[in-house]
């Protein structure tokens with residue numbers, strides 16, 4: 423599977439929100455939850471093209487939460503959970519961010535466990551730095567495999583018209599799971615052999631966008647998905 427790097431320079435739309443920082447399509451939990459809310463007619467979204475911006479996601483979560491009487495208990499709890507992550511797009515301070523806030527007396531600077539981040543927010547500038555670590559483990563009757571990754575991501579805004587983000591992570595797989603012998607939807611990537619066996623590869627995505635009421639311009643290196651599908655949508659990655 424070959425890797426395709428996509429650079430987007432100009433994007434024009436009549437439905438843009440300001441402050442564009444795109445949320446990775448790999449965060450399938452939030453995208454699936456928005457689809458659920460849209461299927462129940464609580465929000466309206468055009469899900470043909472992804473990713474969505476973090477501001478768009480925050481606004482849709484808030485829109486759904488305003489219809490509490492139509493939400494199940496589980497849906498309310500999920501929205502409250504996600505709004506802790508996306509509050510940066512809607513609230514101009516860090517007051518109340520917890521647990522593990524080592525700056526409890528500051529209104530614009532905080533550390534938190536959910537999301538795990540160092541965050542700064544005032545009326546002009548927003549910034550969040552977050553560690554990344556994950557592990558996948560697969561097993562069947564014949565073999566086992568794992569994929570682990572670690573790194574960091576950060577994003578920020580200046581005023582209402584400029585946003586930037588980056589995500590850097592190192593990956594290790596004990597076997598090459600993108601091998602043609604495995605039938606799966608994993609993304610291809612340039613790899614190198616690991617001293618301990620398996621493969622290592624790095625992944626970087628990010629962008630910088632300037633936006634206004636009817637359009638935006640910027641440079642983006644990220645995954646873009648076309649189509650509604652749970653297995654095999656066209657993703658511009660390979």
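Residue numbers (the working numbering): 423 to 660. In this text, a Cβ means the ideal position worked out from N, Cα and C, and glycines have one as well. Quick caveat, the model's predicted, so the values are computed rather than measured.
Please classify residue i as buried or exposed, where buried requires at least 16 other C-beta atoms within 10 Å of its C-beta.
i: residue 602; result: exposed
i: residue 612; result: exposed
i: residue 510; result: buried
i: residue 526; result: exposed
i: residue 426; result: Here residue 426 scores only 42 on pLDDT, less than 50, and its place in the model should not be relied on; the value that follows carries that caveat. By the 10 Å Cβ count, residue 426 comes out exposed.
i: residue 473; result: buried
i: residue 449; result: exposed
i: residue 437; result: Only weak support exists for where residue 437 lies, its pLDDT of 45 falling under 50; the value from the coordinates is given anyway. So residue 437 counts as exposed.
i: residue 482; result: buried
i: residue 651; result: exposed
i: residue 563; result: exposed
Among the options, which one has its Cα closest to the Cα of residue i?
i: residue 445; options: 594, 597, 489 and 588; result: 588
i: residue 477; options: 531, 639, 448 and 633; result: 633
i: residue 629; options: 470, 571, 575 and 459; result: 575
i: residue 637; options: 616, 583 and 562; result: 583
i: residue 528; options: 626, 536, 537 and 542; result: 542
i: residue 535; options: 548, 552 and 544; result: 552
i: residue 485; options: 470, 502, 471 and 469; result: 502
i: residue 646; options: 469, 491 and 457; result: 469
i: residue 493; options: 533, 523 and 458; result: 458
Where does residue i sit, in a helix, a strand or coil, going by DSSP?
i: residue 568; result: strand
i: residue 453; result: helix
i: residue 651; result: coil
i: residue 502; result: helix
i: residue 491; result: helix
i: residue 625; result: strand
i: residue 508; result: helix
Ordered along the chain, which non-local residues of its own chain (more than five positions away) have a Cβ less than 6 Å from that of residue i?
i: residue 585; result: 441, 442, 443, 579 and 631
i: residue 434; result: For residue 434, the predicted structure reports a pLDDT of 46, less than 50, and the residue's modelled location is therefore unreliable. The matter cannot be settled from this model.
i: residue 621; result: 595, 598 and 613
Using a Cβ-Cβ cutoff of less than 8 Å, which residues in the same chain neighbour residue i once the five nearest sequence positions on both sides are dropped?
i: residue 546; result: 580 and 581
i: residue 537; result: 506, 507, 550 and 552
i: residue 568; result: 557, 558, 559, 560, 595 and 596
i: residue 616; result: 594 and 622
Going by beta carbon distance, what residues of the same chain come within less than 7 Å of residue i, once the five residues before and after it are set aside?
i: residue 489; result: 464
i: residue 619; result: 596
Margin query: I want to know whether the region 519 to 532 touches the region 467 to 483 - three or more CB-CB distances under 8 Å.
Written below: Contact fails: fewer than three Cβ-Cβ distances are below 8 Å.
**Prompt:** If you pair each beta-carbon of the region 456 to 467 with each one of the region 485 to 505, do three or more pairs fall below 8 Å?
**Reply:** yes
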